[in-house]
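Data block below; observations after.
Protein chains in written order, with the working numbering: chain A, -6 to 176; chain B, 2 to 498.
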């Protein structure tokens, strides 16, 4: 696991080099991430009481400046998790009344990210960040670019704090998994 | 003769049942085979489906997050199962995530795969919770024919064994039936042989009875024949003595009559001369002559009686001789109808007015016999019949030509015969009487009225003529006497001459 982390650290500059420079690549990257966001939903065991009604929407919220353009809307258009249709919300800040299930935090500053994560800590919310963003640590899922592919790391401890159980299949696929007592 | 038919029937019916059983068995065997094929196929499909399910369940994350490496690893892991031919994982938009196939096999194409209705190709959606994230395709490698055959070999073997056993059963049944039929035929042959044997035994016993009878007759005949000759001789002596006696008697009568005539003349002369003394003597002499005449008359009657008796005795001896066949027959060819026609007046006289004589003459063939004896026999039979009908009745005399076919069983050759029948409507005979009717000296008539030689004499004559005599009688139903003589085959014209 440690070796993995080292590898990620070594690869990180190349990944950013590959992912960042041309504009079309960036939009493609976020198009993939947009689909990953809603695709994460089935691999998470949402605690009872997550939804207020059987047809209550599954809210995917984007905190901070939206990098997805309309990819996210396109990706979730017409899709459902069970009986819950996906819905995209864009928020500037975390408010107590928000009922987001997945929150993609994309603040440019680390302090904002940390604040948002703190605000969401303990709530049944799957927090997702971009690994190359300012200070993305503390979120449950972090997107990373590996070999030109969008991959992710998972902080299982953070998930446990938020009362979420992540499917082992997803954990298997993660480049790195932070457990509660290790890593 | 329903039995052979039945055996034939059963011989036919039972193999049919066995053939039906065999056909049924084969049908059931085929059905079981097909069923087993299908069951094995369904089982295999279930296995593949469950393998596909397993893959689908584990590959969802890799599909969702486009991790082809992970997906390929899952696919490779599944392909370790050598019975699988190809495995493919597609994402929800139909892009191939990972696909593996055995060398030489074509990769799975979902478009043609759905059209392809192969039983061993299954498609399973990869679901994470309720969300379908992709599809998993698994194709099983074709099961070799040897394997499939091995799978159904149990049923095939059982069926074949059952068919063989049934066939053996059928063959055994057939053989058994045949053996049964054989045994049945043999039993029938035995029964037939037994019947034949019994028939032969009866015939033999009849022949023995006849032999005994004829021996008895022979003995009686010889005895009576011997006696009859001597008796006849003695009768002749007595007869000649009687003749002489009569002759002598006639002579003495003539002398006495002469003397009486002379005496009467003298008496007439003396009466005129009145010589009473000597006349007295003459009259006394005449009286003596008259007395002698009366006595002679008496003697003559006795002689007549004696002669009569001797004649009867002679007749009797003649019959005895005939019975003993010592009497030579002067046989010639004759038609019985002609013979009976000749003696019809005689027969008519011999029966009383209250007996009707009916003739049914229908014989054209000739027989070889002694005419006198034959006439005598018929007369005797008619008289017997008459005596059996003291109240009157009817006597039917009939003749007929009879052809007797050859009888295989008794070895009797075909023969032509002429039958003479004398039937009456009289008192008939009991079986006991009938069985003894032909014995010599047996008679039912009162003592002195019958000699008991009538029928036995006829029998002797008939046997001498190579014929047969039979009596059929029942008490109160009358009696039928048949005389059967062989047909005379010689040319008739020579007989007439």
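Using N, Cα and C, we set each Cβ at its ideal position, and we do this for glycine too. Predicted model only: the values in this text are computed from it and were never measured.
Partner residues on chain A for residue i, Cβ-Cβ distance less than 7 Å
{"i": "residue 132 (chain B)", "result": "35 and 74"}
Whether residue i touches residue j by CB criterion (8 Å)
{"i": "residue 368 (chain B)", "j": "residue 397 (chain B)", "result": "no"}
{"i": "residue 157 (chain A)", "j": "residue 133 (chain A)", "result": "yes"}
{"i": "residue 155 (chain A)", "j": "residue 117 (chain A)", "result": "yes"}
{"i": "residue 429 (chain B)", "j": "residue 401 (chain B)", "result": "no"}
{"i": "residue 311 (chain B)", "j": "residue 244 (chain B)", "result": "no"}
{"i": "residue 224 (chain B)", "j": "residue 314 (chain B)", "result": "no"}
{"i": "residue 340 (chain B)", "j": "residue 375 (chain B)", "result": "yes"}
{"i": "residue 74 (chain A)", "j": "residue 51 (chain A)", "result": "yes"}
{"i": "residue 127 (chain B)", "j": "residue 71 (chain B)", "result": "no"}
{"i": "residue 53 (chain B)", "j": "residue 139 (chain B)", "result": "yes"}
{"i": "residue 356 (chain B)", "j": "residue 412 (chain B)", "result": "no"}
{"i": "residue 66 (chain B)", "j": "residue 171 (chain A)", "result": "no"}
{"i": "residue 65 (chain A)", "j": "residue 30 (chain A)", "result": "yes"}
{"i": "residue 47 (chain A)", "j": "residue 76 (chain A)", "result": "yes"}
{"i": "residue 342 (chain B)", "j": "residue 389 (chain B)", "result": "no"}
{"i": "residue 283 (chain B)", "j": "residue 267 (chain B)", "result": "yes"}
{"i": "residue 106 (chain B)", "j": "residue 87 (chain B)", "result": "yes"}
{"i": "residue 49 (chain B)", "j": "residue 148 (chain B)", "result": "no"}
{"i": "residue 425 (chain B)", "j": "residue 480 (chain B)", "result": "yes"}
{"i": "residue 261 (chain B)", "j": "residue 287 (chain B)", "result": "yes"}
{"i": "residue 27 (chain B)", "j": "residue 160 (chain B)", "result": "yes"}
{"i": "residue 159 (chain A)", "j": "residue 25 (chain A)", "result": "no"}
{"i": "residue 385 (chain B)", "j": "residue 468 (chain B)", "result": "no"}
{"i": "residue 45 (chain B)", "j": "residue 141 (chain B)", "result": "yes"}
Per DSSP, cross-strand counterpart(s) of residue i
{"i": "residue 102 (chain B)", "result": "B:87"}
{"i": "residue 489 (chain B)", "result": "B:367"}
{"i": "residue 97 (chain A)", "result": "A:55 and A:121"}
{"i": "residue 332 (chain B)", "result": "B:371"}
{"i": "residue 420 (chain B)", "result": "B:401 and B:485"}
{"i": "residue 396 (chain B)", "result": "B:358 and B:425"}
{"i": "residue 138 (chain B)", "result": "B:89 and B:124"}
{"i": "residue 133 (chain B)", "result": "B:128"}
{"i": "residue 413 (chain B)", "result": "B:408"}
{"i": "residue 97 (chain B)", "result": "B:91"}
{"i": "residue 171 (chain A)", "result": "A:148"}
Contact set between residue i and chain B, taken where Cβ atoms lie within less than 7 Å
{"i": "residue 163 (chain A)", "result": "62"}
{"i": "residue 29 (chain A)", "result": "66"}
{"i": "residue 171 (chain A)", "result": "None at all; the shortest Cβ gap to chain B is about 18 Å."}
{"i": "residue 80 (chain A)", "result": "What residue 80 (chain A) touches in chain B: nothing, since even the nearest Cβ is about 16 Å away."}
8 Å Cβ cut-off: residues of chain A touching residue i
{"i": "residue 48 (chain B)", "result": "Correct list: empty, because the minimum Cβ distance to chain A is about 23 Å."}
{"i": "residue 59 (chain B)", "result": "162"}
{"i": "residue 71 (chain B)", "result": "165 and 166"}
Under 8 Å from the C-beta of residue i: neighbouring residues of chain D
{"i": "residue 129 (chain B)", "result": "No chain D appears in the structure shown, which is made up of the protein chains A and B."}
Amino acids of chain B, ordered along the chain, whose beta-carbon sits closer than 8 Å to that of residue i
{"i": "residue 67 (chain A)", "result": "The premise fails here: residue 67 (chain A) is roughly 13 Å from chain B at the closest Cβ pair, so nothing lies under 8 Å."}
Amino acids of chain B, ordered along the chain, whose beta-carbon sits closer than 9 Å to that of residue i
{"i": "residue 26 (chain A)", "result": "None at all; the shortest Cβ gap to chain B is about 11 Å."}
**Asked** Using 8 Å as the Cβ pair cut-off and three pairs as the minimum, do the stretch 94 to 110 of chain A and the stretch 58 to 65 of chain A touch?
**Response** yes
Query raised in the report: For the stretch 423 to 487 of chain B, which segments carrying the beta strand (DSSP E) assignment without a break, of at least 3 residues, lie completely within its bounds, in sequence order?
Result: 469 to 475
_Inter-stretch contact (C-beta, 8 Å, three-pair minimum) for the stretch 141 to 148 of chain A and the stretch 33 to 45 of chain B_ = no
#### Entry: Those runs of the beta strand (DSSP E) which lie wholly inside the stretch 17 to 95 of chain A and span at least 3 residues
51 to 56 and 77 to 84
Across the stretch 296 to 310 of chain B and the stretch 421 to 440 of chain B, are there enough close Cβ pairs to call them in contact, namely three or more that are closer than 8 Å?
no
Check whether the stretch 44 to 62 of chain B and the stretch 127 to 137 of chain B touch, using three or more Cβ-Cβ pairs below 8 Å as the test.
yes
Where are the beta strand (DSSP E) runs, 3 residues long or more, that stay fully inside the stretch 341 to 376 of chain B, in chain order? 356 to 363 and 367 to 371
Next on the checklist: Check whether the stretch 102 to 121 of chain A and the stretch 76 to 93 of chain A touch, using three or more Cβ-Cβ pairs below 8 Å as the test.
Outcome noted: yes
Could you tell me which whole alpha helix (DSSP H) segments of length 4 or greater appear in the stretch 37 to 92 of chain B?
69 to 80
Count Cβ pairs between the stretch 371 to 382 of chain B and the stretch 454 to 468 of chain B that sit closer than 8 Å; are there 3 or more?
yes
- Which runs of the alpha helix (DSSP H), 4 residues or longer, sit entirely within the stretch 103 to 160 of chain A? 103 to 113 and 149 to 154
Beta strand (DSSP E) segments (min. 3 residues) lying fully within the stretch 234 to 274 of chain B = none
- [ ] Give, in chain order, every unbroken run of the alpha helix (DSSP H) that is at least 4 residues long and sits entirely within the stretch 165 to 205 of chain B.
- [x] none
Could you tell me whether the stretch 479 to 491 of chain B touches the stretch 420 to 428 of chain B, using the rule of 3 or more Cβ pairs below 8 Å? yes
At a cut of 8 Å, does the stretch 13 to 32 of chain B reach the stretch 164 to 173 of chain B through at least three beta carbon pairs? yes
Notebook entry, point to check: So does the stretch 103 to 114 of chain A actually touch the stretch 63 to 70 of chain A, counting three or more Cβ pairs closer than 8 Å?
Noted result: no
Can we say the stretch 66 to 82 of chain B touches the stretch 157 to 170 of chain A, given the rule of at least three CB pairs closer than 8 Å?
yes
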